[in-house]
């Protein structure tokens, strides 16, 4: 009797495994639906591309307070993107500065039927810098890729979105907002490994290997020294989550959210992605489902979709996790994630789903068009 019961349980487990394993096929199905939708788009408009690039953006606009150039596309990176978009759309115009784009719109008054904005903008140092183009486009009634001004600004503040998501049931690392010499607030982190992060810059900006410390009463001043080195008034103190790191692309198609297959970030020579590692591309990618069970993979995807719903993501965003003891911790969100060839998004499309690089941009445009169609219906 016991033996038959054991076999019955194993059959149930096997069915559950196959059900979860088929989720990968579902990811492919939704992308194919997006690509089919894109084929029916009447491309009778000009694509306006806003992209900040190294040397070009700062050279043309020396009156702007620019961000660190490591945030901008290199010539090679932008060539990958621009050549693909020109191939897909034919007619396109590139703006290497947000202000150049705004001036063009103010001078030429293009209508929403004459153009579509592909937004890569990321210049400036203020917290809400990525909201400029979405807010301006909404003001002028122009359609664009990515989230609106409110959401894109919210995604820049790791402290605020972490608190929002944590209160809504998303697992996040223990975090606190730190100001100079406020050592009392660090007591819950004593005898714990922590990361010291910028609050509203990209995840790796300003991070060195010594941004990870094992905190004790004897080295509290180290936090103040790091704060001064990073030239900021506040830092995000976050418990360090060991384990695998992954990135999950979530798309919004026809108003519904879908998490695609998680991609593991394999960091070479370090245990977290610091500025140097990021700038030198000293990391590679791997299919996460080759390393973790289907149950854990599905849990990660569900958390990513839930976070996207809570934050009202439009079109697409990337959600970054660390997995410790099979528990996924959300550590960062990219509202306009990199889609260059050395990116988890490109790896997902080319190496996991075996699609073409250009299908990334077709998918994003299909998502954007479909979501505007719902708003107008």
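Residue numbers (the UniProt record's numbering): 1 to 377. For every residue, glycine included, the Cβ atom is placed at its ideal position computed from N, Cα and C.
query, result
"With residue 121 and residue 143 assumed to form a contact (beta carbons below 8 Å), what rounded beta-carbon distance in angstroms separates them?", "Not a contact, Cβ separation roughly 15 Å."
"Going by DSSP, what residue range makes up the alpha helix (DSSP H) through residue 87?", "75-89"
"Excluding the five sequence neighbours on either side, which residues of its own chain have a C-beta within less than 7 Å of the C-beta of residue 85, listed in chain order?", "47, 49, 92, 118 and 361"
"Should residue 240 and residue 194 be called a contact, given that it needs their Cβ atoms to be closer than 8 Å?", "yes"
"Exposed or buried, which one is residue 188 when buried takes at least 16 other CB atoms within 10 Å?", "exposed"
"Where does the unbroken beta strand (DSSP E) through residue 48 begin, and where does it stop?", "46-50"
"Name the one or two DSSP bridge partners that residue 239 has.", "194"
"Grab the span of the alpha helix (DSSP H) containing residue 167 for me, first residue to last.", "158-167"
"DSSP three-state call for residue 291: helix, strand or coil?", "coil"
"According to the Cβ coordinates, are residue 364 and residue 316 closer than 8 Å?", "yes"
"Taking all protein chains shown into account, decide if residue 76 is buried (16 or more other Cβ within 10 angstroms of its Cβ) or exposed.", "exposed"
"If you follow the alpha helix (DSSP H) that residue 108 is in, where does it begin and where does it stop?", "98-108"
"What's the call for residue 109, buried or exposed, on a 16-neighbour Cβ count within 10 Å?", "exposed"
"Residue 5 to residue 159, Cα distance in whole Å?", "Model confidence at residue 5 stands at a pLDDT of 42, short of 50, so the residue's coordinates are unreliable; what they give is reported in the following sentence. Looking at the two C-alpha atoms, the distance is approximately 49 Å."
"Could you pull out every residue in the same chain whose Cβ sits closer than 7 Å to the Cβ of residue 369, ignoring the five residues on either side in sequence?", "41"
"For residue 376, count neighbouring Cβ atoms within 10 angstroms of its own Cβ and tell me buried if that reaches 16, exposed if not.", "exposed"
"In terms of DSSP beta bridges, what is residue 263 paired with?", "247 and 287"
"Is it true that the CB of residue 357 sits closer than 8 Å to the CB of residue 380?", "Nothing can be reported for residue 380, as the shown portion of the chain is limited to 1 through 377."
"Can you give me the Cβ contacts of residue 214 inside the same chain, cut-off strictly under 6 Å, excluding the 5 residues immediately before and after it?", "193"
"Do you know how far the Cα of residue 116 is from the Cα of residue 371?", "14 Å"
"Counting pairs of Cβ atoms below 8 Å between the segment 226-244 and the segment 252-259, do you hit three or more?", "no"
"Helix or strand or just coil, what does DSSP make of residue 324?", "strand"
"Since residue 212 is in the beta strand (DSSP E), which residue starts that stretch and which ends it?", "212-215"
"Pop quiz: residue 309 and residue 171 are said to be a contact at Cβ under 8 Å. What is the actual Cβ separation, rounded to whole angstroms?", "The pair is not a contact, with the Cβ atoms about 16 Å apart (cut-off 8 Å)."
"Could you pull the start and end residues of the beta strand (DSSP E) that residue 177 belongs to?", "175-179"
"Let's test the definition: count the other Cβ atoms within 10 Å of the Cβ of residue 373 and tell me whether it reaches 16, buried, or not, exposed.", "exposed"
"When you compare each of 350, 201 and 98 to residue 285 by their alpha carbons, which one comes out closest?", "350"
"Apart from the five residues on each side of it in sequence, which residues of its chain come closer than 7 Å, Cβ to Cβ, to residue 367?", "34, 251, 252, 253, 315 and 316"
"Give the range of the alpha helix (DSSP H) segment to which residue 362 is assigned.", "358-376"
"Contact check, residue 127 vs residue 157 under 8 Å by CB: the rounded distance?", "6 Å"
"Going by DSSP, name the residue or residues bridged to residue 252.", "257"
"Taking just the CA atoms, how far does residue 191 sit from residue 152?", "35 Å"
"According to DSSP, simplified to helix, strand and coil, what is residue 301?", "helix"
"For a test of the three-state rule: what should DSSP assign to residue 93, helix, strand or coil?", "strand"
"Between 209, 319 and 132, which has its C-alpha nearest residue 335's C-alpha?", "319"
"Per DSSP, which residues does residue 316 bridge with? Please list them.", "251"
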